[in-house]
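Okay, so the sequence shown: first residue is 1 according to full-length UniProt numbering, each after it adds one.
No residue lacks a Cβ here, since even glycine has one placed at the ideal position from N, Cα and C.
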Amino acid sequence: MSFLKYAKRFSSTTPVKYTRNIFLRAVCVVYLFAFISFYVQIPGLYGDNGVLPAKSVLENSKHKTLSTKVHYQPTLLWLAPYLGLDTNYALDVLALLGAFLAFSGFVSYKICRLPLFGGLWSLYFSLYQVGQVFVTSQWDDLLLEVGFLCLLIAPILRVRNSGGKQSPIDPVVFWLPLWLLFRFLFTTGVVKLLSGDPKWWDLSALGYHFQGMVLPTPLSWYAHHLPEVALKYAMLYANICEIAFPFLFFVPIRSTRYIAFAAQGVLQFFIIITGNFSFLNALILALMISLFDDYYFIGEPKGKNSKGLTALSFVIFTCTLLGITTLCTFPGKGYIPTFTFSKEEFKMASFFMVKASYYIGFLTLAILMLKSFVASFLDGNFMSRIFRWICAFLYAALAFLVFSASLVPLYSHHPTTNNTLSEQVRTAFKRLHKIHAINAYGQAKSVTGTDGRPEIVLEGSNHLEGPWTEYDFLYKPGNVNHSLPFVAPHSPRLDWQMWSAAHSTYEKQPWLLSLTHRLLEGRPEVLALMGSSPFEKPPKYIRATLYKYKFSDWTQRKTQTWWVRERVREYFPAFTKDSPTLVDYLRARNLMPTASKQPVNPLWKQGLDAIRKSTVQLEASLLIWAAFTAGCAVITIR
């Protein structure tokens, strides 16, 4: 009897069933944002007359059977002909179906089961497969990885929910989003300092970040003009939040994790208001739910006093903060912080941090797995115990596989640790990465915009001598007197990619020349992505000029000027829609617009056209928030 009591005490875990449901619904909200954002941009980006037609990706396949096509390019779009659809309308169906499923999961946790998330992941992965250069941002990868984890977290068997009790499996699989959150934040912070960029090391990066980021918000201008000392302390705080505080996620004291959540929440809040990073921050906030447990939402059991643990958590948090702060000194006038350690010392410290993260992750996961095995044998008859143990073993094996494979991108940031992983682990990572179930993060290795942000300005004219009229984009900098909007969680992929093209050459950006050709033809689908055209009829010529943009100062701001710019050079010469160079370039890459030859069922066409006509009346971000508000209203009414 004493052994049974000891086993029950050992196997007891903090309940996470209610928290798990909140997490799954939060992921559904992010999926809703992503699918609606994608749907709005389909005609201009991936339609037959779009910048990068999706059918050109599928037409490159030389395979004949459906199975070989799916193996070549795994996407549900291959089923379009069997449903009476062409590629254009099939894209609409996938995006709308994904938005519907995500909305359903948002308003009702009862359907947040494995089939729902299997459908959401499959639909978004299918769209991702034809997204080409417009889905290269890390939030698309992160959404696919979170969606894959939901396949393990979302319940499917009655054993996961029988009797209203928490399954022994739940704490094990709900540990995975916590590990992903740690991996994402830690690598995001570490790669900055490992890059050796002096702007990260002297903590001056934020002095350029707000001006050089892809899509600034109106508040970015004000953040850019904060005092130097404030920006350096903000950079120091961001480094601590990303590199040090994530280790507090695994402290076995709930209040410590709550404080870590608050610290990360402050950082995410300021990132949201000063930068349009699509649905990335919403996804990070969803992952941060894994820092909580059911006691936070429904209260602790009677007679349980956690005041002492709360006080201890404050001590742990304060010691961590002070310990990191001791690595900085405050010399000179203005108390401006600087690092007191060298790049080589940090490189050595990062080796120990990466190794420590492995041991901490392995230990916490192993304890949860062992508890789940013991708990599986404590309730029910013999057969139910065996069944529960088999389920616990299978889920534990899958969780350990995901954890092991995720070490490959984590270890890759340091050459010493990168050589310590076995070939089997690397093979597992390659197979999971192929379906974007596990990805590498930490892209911001260098600071851009130190001497101004490069911007491509497209100009049209009917004469080579001019006058030249500029095309304005909806969200990226262009007119120096126009403020930039808050656009997140919408992801304007064309505006985002224009920033990347400005750091490259037009010969390496086939989509940019495709965009130019569509503008010369006056394609309304593409013009809708840019708001409107400054021409009643398409111009005869379009050229591109590269400018350097900088935020205006306080004096210039009084005249409603947000930016000042300086012409750098011609980005590409003037083209006409019949220019042999342009046409041959696009034909060689199968990017010339062609009408679809696949017949479309009239009922499909009529219904999908009606939906498209009704949704184009709203700007994309307004449409997203309207859907979210509708979901909140349904939840409130129910």
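Taking the Cβ atoms as the reference, residue 209 lies roughly 12 Å from residue 551, outside the contact range of under 8 Å. Nearest neighbour of residue 216 by Cα position, chosen from 600, 492 and 602, turns out to be 492. Here the segment 168-176 makes contact with the segment 369-382; the two share three or more CB pairs at distances below 8 Å.
Here the alpha carbons of residue 144 and residue 385 stand approximately 34 Å from one another. Contact between the segment 358-365 and the segment 337-344 is absent, with fewer than three C-beta pairs closer than 8 Å. In its chain, beyond the 5 residues on either side, 101 have a beta carbon closer than 6 Å to the beta carbon of residue 119. Between residue 479 and residue 472, the C-beta spacing is below 8 Å. By the Cβ-count criterion, residue 232 is buried, with 16 or more other Cβ atoms from all chains shown falling within 10 Å of its own Cβ. Taking the C-beta atoms as reference points, residue 123 is found nearer than 8 Å to residue 76. Residue state for residue 450 is assigned as strand, using DSSP reduced to three classes. Within the UniProt domain "Lipase maturation factor 1/2 C-terminal" (438-573), the runs of beta strand (DSSP E) that reach at least 3 residues and sit entirely inside it are, in chain order, 453-461 and 541-551. A check of alpha carbon separations from residue 496 across 282, 318 and 275 identifies 275 as the nearest.
Using a 10 angstroms sphere on the CB of residue 510, the tally of other CB atoms reaches 16 or more, which defines it as buried.
The beta carbon of residue 218 is closer than 8 Å to those of 483, 484, 485 and 486 in its chain, skipping five residues each way along the sequence. When rounded, the separation of the alpha-carbon atoms in residue 128 and residue 135 is 7 Å.
Distance from the Cα of residue 394 is smallest, within the candidate group 407, 58, 370 and 441, for 370.
If you compare the alpha carbons of 416, 518 and 540 with that of residue 467, the shortest gap goes to 540. Annotation for residue 192: the continuous alpha helix (DSSP H) segment containing it runs 175-194. The alpha-carbon of residue 620 is positioned some 11 Å away from that of residue 627.
In the same chain as residue 205, and ignoring 5 residues on each side of it, the C-beta atoms closer than 7 Å to its own belong to 199, 235 and 447, in chain order. For residue 115, the enclosing alpha helix (DSSP H) stretches over residues 114-129. The C-alpha of residue 74 lies about 21 Å from the C-alpha of residue 48.
In the three-state DSSP reduction, residue 275 falls in the strand class (E or B).
One alpha carbon belongs to residue 525, the other to residue 535, and they sit about 15 Å apart. Assignment of residue 74 by DSSP, reduced to helix, strand and coil, places it in the coil class. Check the Cα spacing between residue 336 and each of 409, 429 and 227: the tightest is with 227. A Cβ-Cβ distance of about 6 Å is found for the pair residue 582 and residue 513, placing them in contact under the 8 Å criterion. Annotation: the continuous alpha helix (DSSP H) that includes residue 353 extends over 343-376.
Here residue 216 carries a strand assignment [DSSP, helix/strand/coil]. Here residue 338 carries a strand assignment [DSSP, helix/strand/coil]. Around the C-beta of residue 547, 16 or more other C-beta atoms lie within 10 Å, and the residue is accordingly described as buried. A residue is called buried when at least 16 other Cβ atoms come within 10 angstroms of its Cβ; residue 516 meets this threshold and is buried.
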